[in-house]
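Enquirer: Numbering (numbering that gives the first Met the number 0), first residue to last: 0 to 261.
This is the structure I want to talk about, given as C-alpha cells.
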Amino acid sequence: MALEANVIDRLAEHLERCQLEVRDTTKITDEYPDLDWQDAYAIQDRILRRKCARGARLVGLKCGLTSHAKMKQMGVTDPVFGFLVDEFAVPASGKLERRRLIHPKVEPEIAFVLKRQLQGPGCHVAAVLAATDFVVPGIEVIDSRYRDFKFDLKSVIADNTSAANFVIGGVPMRPDEVDLRTLGVVMEKNGQVVALGAGASVVGHPAAAVAMLANHLSRRGQCIPAGALVLSGGVTEAVAVDAGDHVALRVQHLGSVSLRFV
Ligand code: OOG
Ligand code: MG
C-alpha cells in the first residue's frame, strides 16, 4: 500500500459523496499518482463499508471491462471488479430518476446467480458452471464519478468500477440449458437497436469472467459467496441515456428485461 489509511478513508468518503450528491470529480490518480492496486481496492472496500454501516446489504459482485468493445471504449486493457448492494437494484420494467445520476450509460450483461461459493485460485469455466444456479439477462447502469467518464484503471477501481444501478429479469436458465458463448444479445433504446453482441464477446465465455473474479478475490483472501449475483461484464459498448429513454435488453433463450429513465 502506498497511501496512509487516513488518505484511503478520505478518498472513499470523497468518491461516495460524489455519488450521493450527484457531482463529478477529477480522477484521484491526478492527486495521488503513486496510488497502487491495493490502495484502489481498499478505497472501494471502504465505500462498501460506509454503505453497509448505513444499512445497505451486499448482494453481489461485478466484473467490468471484460469485453474488447468496453476496453476499447474506455481505453484500458484489464478487467476490474466491484460490488453490488441492494440499493443499486431497480425492479424489472422499473423507473430510474435521471437526476440522481451524473452521466448514466447502460450496458447489456449476462448475470450469474451462484448456488455454491467459488474459491480461487485455479477457478475455471467448468467450476463456474458447476456452481451456477441460473443465468439471467441484466442491464447495468454505470455512472462514473469522474469528469467526462475519463479514468485510468486504478481510479475506476476506487470508484467501484462506475457501479450505479442494475436490473435483472427475463427467464432464468440453468447454465447447461444454453450455450453462453453463442447467446445473441440485442439492446434497444426507444425501440431502436443500439447494441448487438454474443456471450463470447466477454473474454471468450462469460463464465470465464466470473472465474477471473474468483481468482482475483482469492489473492485478497476472499471468495464469491453462495447466493451471490455476479454481473459478468458489458457484452458491448455502453450507451448513453437520458430522461425519457426506455431501454430493453433481449437475450436469446433468456427473455428480456427493461427499464425507463424519468
Ligand atoms: C467501468 C465499468 C465497466 C463493464 O461491464 O464493462 C463495466 C466503466 O466503463 O465505466 O461495468
Ligand atoms: Mg458492467
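Cβ atoms here follow ideal geometry from the backbone N, Cα and C, with glycine treated the same way.
#1: At which residue ranges does the segment 99-142 contain complete beta strand (DSSP E) runs of 3 or more residues, listed in the order of the chain?
#2: Could you tell me if the beta carbon of Ala237 falls within a distance shorter than 7 Å of some heavy atom in the ligand OOG?
#3: Contact check, Val155 vs Val79 under 8 Å by CB: the rounded distance?
#4: Return the Cβ separation of Leu2 and Leu34 in integer angstroms, given the expectation that the two are a contact with Cβ distance under 8 Å.
#5: Would you list, in sequence order, the uninterrupted alpha helix (DSSP H) runs of no fewer than 4 residues that lie entirely inside the segment 6-81?
#6: Can we count Thr28 as close to the ligand OOG, meaning its CB is less than 7 Å from some heavy atom?
#7: Give a yes or no on whether the C-beta atoms belonging to Leu95 and Val58 are separated by under 8 Å.
#8: Report yes or no: do the segment 102-113 and the segment 122-139 share at least 3 C-beta pairs separated by less than 8 Å?
#9: Once DSSP output is grouped into helix, strand and coil, what is the label at Glu187?
#10: Where does Thr65 land, buried or exposed, given buried means 16+ other C-beta within 10 angstroms?
#11: When we look at the beta-carbon of Gly54 and count the other beta-carbons within 10 Å, is it buried (16 or more) or exposed?
#12: Using the beta-carbon count (16 or more within 10 Å), is Thr181 buried or exposed?
#13: Could you give the first and the last residue of the continuous beta strand (DSSP E) run that contains His245?
#14: Please name the residue, chosen from Val177, Ala242, Ala207, Arg56, that lies closest to Phe82 on a Cα-to-Cα basis.
#15: To which residues of the same chain is Ala199 closer than 6 Å at the C-beta, ignoring the five residues directly before and after it?
#16: Would you kindly check if the distance between the Cβ of Cys62 and the Cβ of Leu230 is under 8 Å?
#17: At which residues does the alpha helix (DSSP H) containing Ser154 begin and terminate?
#18: Indicate the three-state DSSP secondary structure (helix, strand or coil) for Leu268 in the structure shown.
#19: Should Ile46 and Leu14 be called a contact, given that it needs their Cβ atoms to be closer than 8 Å?
#20: Please list the segments of the alpha helix (DSSP H) lying wholly inside the segment 187-222, counting only runs of 4 or more residues, in order along the chain.
#21: What's the C-alpha gap between Gly243 and Arg97?
#22: For Ile7, which of Asp23, Arg48, Val21 has the nearest alpha-carbon?
Expert: By the coordinates alone:
#1: Listed in chain order, they are 104-113, 131-141.
#2: It does: the Cβ of Ala237 is within 7 Å (strictly closer) of some heavy atom of the ligand OOG.
#3: Right, the Cβ-Cβ distance comes to about 6 Å (below 8 Å), so this counts as a contact.
#4: Taking the Cβ atoms as the reference, Leu2 lies roughly 6 Å from Leu34, within the contact range of under 8 Å.
#5: For the segment 6-81, the continuous alpha helix (DSSP H) assignments of 4+ residues that do not extend past its boundaries occur at 27-30, 36-52, 67-73, in sequence order.
#6: Here the distance from the Cβ of Thr28 to the nearest heavy atom of the ligand OOG is not below 7 Å.
#7: Against a cut-off of 8 Å, the Cβ pair of Val58 and Leu95 comes out as no contact.
#8: Verdict: yes, contact present.
#9: Strand at Glu187.
#10: Buried.
#11: Exposed, since its Cβ has fewer than 16 Cβ neighbours within 10 Å.
#12: That one is exposed.
#13: Run containing His245: 245-250, per the beta strand (DSSP E) assignment.
#14: If we check each option's Cα against that of Phe82, Arg56 comes out closest.
#15: Close CB contacts of Ala199 within its chain, under the 6 Å cut and outside five residues either way in sequence, are with Arg180 (chain order).
#16: Between Leu230 and Cys62, the C-beta gap is smaller than 8 Å, which places the two residues in contact.
#17: Here the alpha helix (DSSP H) through Ser154 covers 152-157.
#18: Outside the displayed span of the chain (0 to 261) sits residue 268, for which this structure offers no information.
#19: Yes, Cβ-Cβ distance for Ile46 and Leu14 is below 8 Å.
#20: Within the segment 187-222, complete alpha helix (DSSP H) segments of at least 4 residues are found at 205-217, given in chain order.
#21: Rounded to the nearest angstrom, the two C-alpha atoms are 9 Å apart.
#22: Residue nearest to Ile7 within the set Asp23, Arg48, Val21 is Arg48 (criterion: CA-CA distance).
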